[in-house]
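Peer 1: Handing you a structure now.
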Amino acid sequence: ANGTQISAMICWLLATPIQFALGGRFYKGAWSALRRGSANMDVLVALGSSSAYFFSLAVLAARYIGTTSNALARERLVFETSATLIAFVLLGKYFEARAKGQTSSALRELLALQPSEAVVVLGAFSDEQEIEIPVARVRRGDIIKVRPGEKIAADGQILQVSRPSYVDESVVTGENIPVAKKPGDTLVAGTINAGPAALLFRVDAIGDDTFLAAIVELVERAQGAKTQLEAAADIVSRHFVLGVVFVAIMAFLLWFLIFSKNIHHPHSDFFFSFLFAVAVLVVACPCALGLATPTAVMVGTGQAAKLGILFKTGGEALEKAQNVSAIVLDKTGTLTLGTPQVSDILVFDDEGNPDETRALADLVGEDVFESKDRRKAALIAAVAAAESDSEHPVARAITRHAEKLNTLFGQRDAWRLEAFEAIVGQGIVATVNSN
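Numbering (this note's numbering), first residue to last: 90 to 524.
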């Protein structure tokens, strides 16, 4: 008997901090809801856990101050029910917060596309008066210098560029080929100056007015948009808690007054019926519609934003996506690896005819290499040498392909770049081995 009393006390000591320390948030939430004249999921958790805890406390008290003939003292302690309920609900809250945190991190990654500092030119196009300041201090009308490889700090218009240059706008457009820029063209915050020249531009929009901020706002608005299912859940939730309490009371009364009389069980009719009432409260909280649906929408839109997919209508678009049977993509570069790669090498003669044998012979010599594959490797090596000073993604794709062929045929070192000029939007002019 003493061992049983000690174990009962241990159960009470372990359950009490869980009930009031960890579960205190549910009491506060329930009290706030009841003061406003409404009932939420916290009310259900507080009712269900409190019923099990205080009933067990009453049983424990009856054992110490009552007699063995006391019916209440003979009932089973259910401290574990209240503790388990709170633990499971808190675990669900943790996963919900973690999912929302991952969504927030996706939005933070979007905002992180904007650099933390910018180089402001104080004099008119004077490199000698450049100062580096936090982006938060940049104002409309400031002149910003962006070196090759740096991120663009704000939306604006190019004033000056020393030579043809490109901007990588893939973070906002999805296009993996940098766009050629010239004075008068617009720049978007978060994009990257792919070079080879530095850009000077005038700031037209900063902070919340930038295109990048508009993307983040669009994602946040989409996350807050309610689906038809959520709208229905809101209507149901208004009466859900009161309905659950009513059903729990009815379950208790029906079992206590009718059903428990006809069933053999080791408990008192009151305790046996009480278990069914608690079961109703436990099963009903938390409401899946009230928690799972908003979390699913938030996580879905957040992860989509991380992958470059934006939803203008949020949950509604996600809800309708289940019926999609075909997707039509009208934008080049959407279904690619993100970097250009050489797939084929086609050679034409001077008149544009696909006469590969003659063209290769004219370009690299008919007798220098004994096989057409070696002559083609020599050709790509010569082109790669011409492209070696270019920063364009297509040029880099050609040089990468040449390095692959070089491991097979060893032609790369035979070609020497002597002169190079990039013509924006058209290509390059180069001199290789005096040709």
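Heads up, the beta-carbon is just placed ideally off N, CA and C, and yes, glycines get one too.
Computed from a prediction, not measured in an experiment: that's the story for all the values here.
1) Please look up how many angstroms separate the CB atoms of Ala548 and Ser171, rounded, as I've assumed it's under 8 angstroms.
2) Can you tell me which of Tyr116, Glu507, Gly245, Glu221 puts its alpha carbon nearest to the alpha carbon of Phe300?
3) Indicate whether at least one CB of chain B lies closer than 8 angstroms to the CB of Gln430.
4) With distances taken between CB atoms, is the gap from Ser362 to Phe335 smaller than 8 angstroms?
5) What residues are listed by DSSP as bridge partners for Lys234?
6) State the Cα-Cα distance for the pair Leu103 and Ala151, rounded to the nearest angstrom.
7) What does DSSP give as the partner residue(s) for Gly245 in the beta ladder?
8) Quick check on the burial criterion: 16 or more other C-beta atoms within 10 angstroms. Buried or exposed for Ser127?
9) Roughly how many whole angstroms lie between the Cα atoms of Ala368 and Glu408?
10) Can you give me the C-alpha to C-alpha distance between Leu435 and Val260, rounded to a whole angstrom?
11) Could you spell out the range, first to last residue, of the beta strand (DSSP E) harbouring Ala519?
12) Does DSSP put Gly284 in a helix, a strand or coil?
13) Could you pull out every unbroken alpha helix (DSSP H) segment of at least 4 residues lying fully inside the region 118-194, listed in chain order?
14) How many angstroms separate the CA atom of Leu396 from the CA atom of Val518?
15) State the DSSP-derived secondary structure class of Ser432, mapped to helix, strand or coil.
16) So if DSSP puts Ser254 in a beta bridge, which residue, or which two residues, is it bridged to?
17) Where Val178 and Ile347 are concerned, what is the direct C-alpha to C-alpha distance, given to the nearest angstrom?
18) Compare the C-alpha of Val483 against each of Val386, Ala491, Glu492, Gln430 and name the closest.
19) Excluding sequence positions up to five away, which residues of its chain have a Cβ less than 6 angstroms from the Cβ of Ala286?
20) For Val256, which of Ala243, Arg163, Gly238 has the nearest alpha-carbon?
21) How many angstroms separate the CA atom of Val268 from the CA atom of Glu258?
22) From the DSSP output, which residues share a beta bridge with Lys240?
23) Can you give me the C-alpha to C-alpha distance between Phe329 and Val132, rounded to a whole angstrom?
24) Report the option in Asp274, Asn282, Ala283, Glu306 whose CA atom is closest to the CA atom of Asp293.
25) Can you tell me where the beta strand (DSSP E) with Phe363 in it begins and where it stops?
26) For Asn129, collect the residues of the same chain with a Cβ closer than 6 angstroms to its Cβ; drop the 5 residues on either side in sequence, then sort them by chain order.
27) According to the Cβ coordinates, are Val210 and Lys240 closer than 8 angstroms?
28) Does Pro223 come out as helix, strand or coil in the three-state DSSP assignment?
29) Quick check: what's the CA-CA separation for Val227 versus Asn495?
30) Can you list, in chain order, the residues of its chain whose CB lies under 8 angstroms from that of Ile487, leaving out five sequence neighbours each side?
31) Could you please give the first and the last residue of the uninterrupted beta strand (DSSP E) stretch that includes Phe509?
32) Using alpha carbons as the reference points, say which of Ser139, Ala135, Arg163 lies closest to Val148.
33) Quick check on the burial criterion: 16 or more other C-beta atoms within 10 angstroms. Buried or exposed for Asn351?
34) Any heavy atom of the ligand PLP closer than 7 angstroms to the CB of Ala385?
Peer 2: According to the structure data:
1) Any answer about residue 548 is impossible in this case: the structure gives the chain only from 90 up to 524.
2) As a working note, residue 300 is residue 211 in the sequence shown. Distance check between Phe300 and each of Tyr116, Glu507, Gly245, Glu221 places Gly245 closest, using alpha-carbon atoms only.
3) Checking the listed chains, one finds no chain B in this structure; it contains a single protein chain.
4) If you number the sequence shown from 1, residue 362 lands on position 273. If you number the sequence shown from 1, residue 335 lands on position 246. Against a cut-off of 8 angstroms, the Cβ pair of Phe335 and Ser362 comes out as no contact.
5) Position 145 of the sequence shown, counted from the start, is the residue given in the question as residue 234. In DSSP, Lys234 forms a bridge with Val208, Leu289.
6) Within the sequence shown, numbered from 1, the residue matching residue 103 stands at position 14. Within the sequence shown, numbered from 1, the residue matching residue 151 stands at position 62. Whole-angstrom Cα-Cα distance: 19 angstroms.
7) For the purposes of this step, residue 245 is taken as the residue at position 156 of the sequence shown. The beta-bridge partner set that DSSP reports for Gly245 consists of Leu276, Val292.
8) Translated into the one-based positions of the sequence shown, residue 127 becomes position 38. The residue is exposed, with fewer than 16 neighbouring Cβ atoms inside 10 Å.
9) By one-based count along the sequence shown, residue 368 stands at place 279. By one-based count along the sequence shown, residue 408 stands at place 319. In a straight line, the C-alpha of Ala368 is about 32 angstroms away from that of Glu408.
10) The residue you call residue 435 lines up with position 346 of the sequence shown. The residue you call residue 260 lines up with position 171 of the sequence shown. Approximately 32 angstroms, taken between the alpha carbons.
11) Numbered from 1 along the sequence shown, position 430 holds the residue referred to as residue 519. DSSP places Ala519 inside the beta strand (DSSP E), whose first and last residues are 516-521.
12) Here the question's residue 284 lines up with position 195 in the sequence shown. Under the three-state reduction of DSSP, Gly284 is assigned to strand.
13) Qualifying alpha helix (DSSP H) stretches, in chain order: 130-154.
14) By 1-based counting over the sequence shown, the position of residue 396 is 307. By 1-based counting over the sequence shown, the position of residue 518 is 429. Annotation: Leu396 to Val518 spans about 38 angstroms, alpha carbon to alpha carbon.
15) Sequence index remark: in the sequence shown, residue 432 carries index 343 (1-based). Shown here, Ser432 sits in coil according to DSSP, grouped into three states, outside any helix or strand.
16) One-based indexing of the sequence shown puts residue 254 at position 165. Ser254 pairs with Lys270.
17) The residue given as residue 178 occupies position 89 in the sequence shown. The residue given as residue 347 occupies position 258 in the sequence shown. Here the alpha carbon of Val178 sits roughly 33 angstroms from the alpha carbon of Ile347.
18) Indexing the sequence shown from 1 puts residue 483 at position 394. The candidate whose alpha carbon is nearest that of Val483 is Gln430.
19) To locate residue 286, count along the sequence shown from 1; it is residue 197. For Ala286, where only same-chain residues beyond five positions count, the Cβ hits under 6 angstroms are Val250, Ser251, Arg252, Ser254.
20) Translated into positions along the sequence shown, residue 256 becomes position 167. Of the listed residues, the one whose Cα sits closest to Val256 is Gly238.
21) For this step, residue 268 is matched to residue 179 along the sequence shown. For this step, residue 258 is matched to residue 169 along the sequence shown. Counting only the Cα atoms, Glu258 lies some 7 angstroms from Val268.
22) Residue 240 sits at position 151 when you count from the first residue of the sequence shown. Ile281.
23) Here residue 329 corresponds to residue number 240 of the sequence shown, with the count starting at 1. Here residue 132 corresponds to residue number 43 of the sequence shown, with the count starting at 1. Phe329 and Val132: Cα-Cα distance of roughly 11 angstroms.
24) Here the question's residue 293 lines up with position 204 in the sequence shown. Ranked by how close their Cα comes to the Cα of Asp293, the residues Asp274, Asn282, Ala283, Glu306 have Asp274 in first place.
25) Working through the sequence shown from its first residue, we reach residue 363 at position 274. Not the beta strand (DSSP E): Phe363 falls in the alpha helix (DSSP H), residues 358-373.
26) As a working mapping, residue 129 is identified with position 40 in the sequence shown. Residues of the same chain with a CB within less than 6 angstroms of the CB of Asn129, apart from the 5 flanking positions on each side, are Ala122 in chain order.
27) Numbered from 1 along the sequence shown, position 121 holds the residue referred to as residue 210. Numbered from 1 along the sequence shown, position 151 holds the residue referred to as residue 240. No, they are not a contact pair.
28) Stepping through the sequence shown from its first residue, residue 223 is reached at position 134. Judged by DSSP in its simplified three-state form, Pro223 adopts strand.
29) Mapped onto the sequence shown, residue 227 falls at position 138. Mapped onto the sequence shown, residue 495 falls at position 406. About 48 angstroms.
30) Working through the sequence shown from its first residue, we reach residue 487 at position 398. Beyond the five residues adjoining it in sequence on each side, Ile487 comes within less than 8 angstroms, by CB distance, of Val431, Ile469, Val472, Ala473, Glu476 in the same chain, given in chain order.
31) As a working mapping, residue 509 is identified with position 420 in the sequence shown. Where Phe509 is concerned, the enclosing beta strand (DSSP E) starts and stops at 506-512.
32) Position 59 of the sequence shown, counted from the start, is the residue given in the question as residue 148. Of the candidates Ser139, Ala135, Arg163, Arg163 places its Cα closest to the Cα of Val148.
33) As a working mapping, residue 351 is identified with position 262 in the sequence shown. Classification of Asn351: exposed, given that the 10 Å Cβ count is below 16.
34) The ligand PLP is not part of the structure shown, which contains no ligands of any sort.
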